[in-house]
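Quick note on our numbering: the sequence shown kicks off at 127 and runs consecutively.
Data block below; observations after.
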Amino acid sequence: MRIRTRARAGAPRTGSRSAGALLAGAAALSAAVGPAAPAGAHPFGPPSTAGVSVDGARVALVWQAAEDDWVALGQSVGAFEDPTAGAVDTALTGEQKLQRSAAVREYLLRHVDVRQAGRTCAEELLPLERLLAEGARFRFDCPEPVTEVRLTVTALTDLNPAYRTMVTARTPMAPAQALFTATGTSHDLRATATGGGRPGAVTAVAAGTGLAAAGGLAVLLVRRRRAGGRR
């Protein structure tokens, strides 16, 4: 079975129907290419992508890979049956096998991490619904409202060190983009003055309170001057 090459960076992902059709024959693909398939994916194409956002103490991240790289990942952790070892279940599509695989979930949880001041942010991987179209969705609950965190992404680099992930901030953050590689697996992300959820809201409230106080003082001074002029 032919595997579609990786789409260009920034191009729309294929729809769930075409993507599902691609992975529907994953078992047949395994039989055709054998156990060396992970090394035969597309690590030298455009990088995988991820979007990251901050809301209060929570960091949300969505990691997306090309369909052929999902096949490589699934094969590397045994999500698909080995046709040389026995019968292959053809009732499920390749995407469904990825979604139901505990090994795939464990892999993803192991290869994406967020820490705040050295402390682990509690990680949750949401159900892998519409995995090919929407990617793997993570939530990280940190001990404190987020101003700075260290993000680590090592997915696929264990299969081939040429794999990369381009992370783009979906809320105001610095840097706005960062490239994660086999030799640069971690980056510090800082919520800017208008981002970071609650810290930004607290700043806005404090600024508003200061302006209100300054306005009240100005009114008081004007009234005193008028009263003094009438004497």
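Here a beta-carbon is modelled for each residue, glycine too, at the ideal position from N, C-alpha and C.
All values reported here derive from a predicted model rather than from experimental measurement.
beta-carbon residue i near the ligand ATP non-hydrogen atom, thresh 7 Å
i: Pro287; result: Among the components of this structure there are no ligands whatsoever, and the ligand ATP is therefore not found.
Residue i versus residue j: straight-line alpha-carbon distance, rounded
i: Glu207; j: Val197; result: 12 Å
i: Gly322; j: Glu270; result: Only weak support exists for where Gly322 lies, its pLDDT of 40 falling under 50; the value from the coordinates is given anyway. Going by the C-alpha atoms only, they are around 11 Å apart.
i: Gly261; j: Ala281; result: 13 Å
i: Ser227; j: Ala295; result: 29 Å
i: Gln303; j: Glu221; result: 29 Å
i: His71; j: Phe266; result: Residue numbering for the chain in the displayed model covers 127 to 357; residue 71 lies beyond these limits and cannot be assessed.
i: Thr273; j: Met299; result: 9 Å
i: Thr216; j: Tyr289; result: 30 Å
i: Gly310; j: Ser174; result: 15 Å
i: Lys223; j: Glu255; result: 12 Å
i: Ala191; j: Asp284; result: 15 Å
i: Asp195; j: Thr318; result: 33 Å
Of the listed residues the options, nearest to residue i (C-alpha basis)
i: Ala176; options: Val230, Val272 and Thr291; result: Thr291
i: Pro172; options: Leu199, Leu305, Thr318 and Ala317; result: Leu305
i: Val238; options: Arg316, Ala317, Thr318 and Thr307; result: Thr307
i: Leu252; options: Gly204, Gln225, Val240 and Ala205; result: Gln225
i: Gly200; options: Ala243, Leu315, Leu234 and Ser312; result: Leu234
i: Glu193; options: Gly212, Leu218 and Ala259; result: Ala259
i: Asp314; options: Gly244, Glu232 and Phe264; result: Gly244
i: Ala229; options: Cys247, Ala213, Ala205 and Arg316; result: Ala205
i: Arg316; options: Ala211, Gln242 and Asp284; result: Gln242
i: Ala183; options: Cys268, Asp284 and Thr283; result: Cys268
i: Glu232; options: Glu249, Thr219 and Leu218; result: Glu249
Unbroken alpha helix (DSSP H) run spanning residue i, endpoints
i: Gly220; result: Gly220 to Arg226
i: Glu193; result: Glu193 to Val203
i: Leu258; result: Leu257 to Glu260
Enclosing beta strand (DSSP E) for residue i [first to last residue]
i: Ala248; result: Ala248 to Leu251
i: Thr210; result: Per DSSP, Thr210 belongs to no beta strand (DSSP E) and is neither H nor E.
i: Gly177; result: Ser174 to Asp181
i: Ala186; result: Arg184 to Gln190
Whole-Å CB distance - residue i paired with residue j, under 8 Å assumed
i: Ser179; j: Thr297; result: 4 Å
i: Val185; j: Val275; result: 6 Å
i: Val203; j: Arg263; result: The pair is not a contact, with the Cβ atoms about 19 Å apart (cut-off 8 Å).
Open item on the list: In chain order, what are the residue ranges of uninterrupted beta strand (DSSP E) at least 3 long that sit wholly in the region 262-322?
Closed with: 262-267, 274-279, 291-295, 303-306 and 312-317
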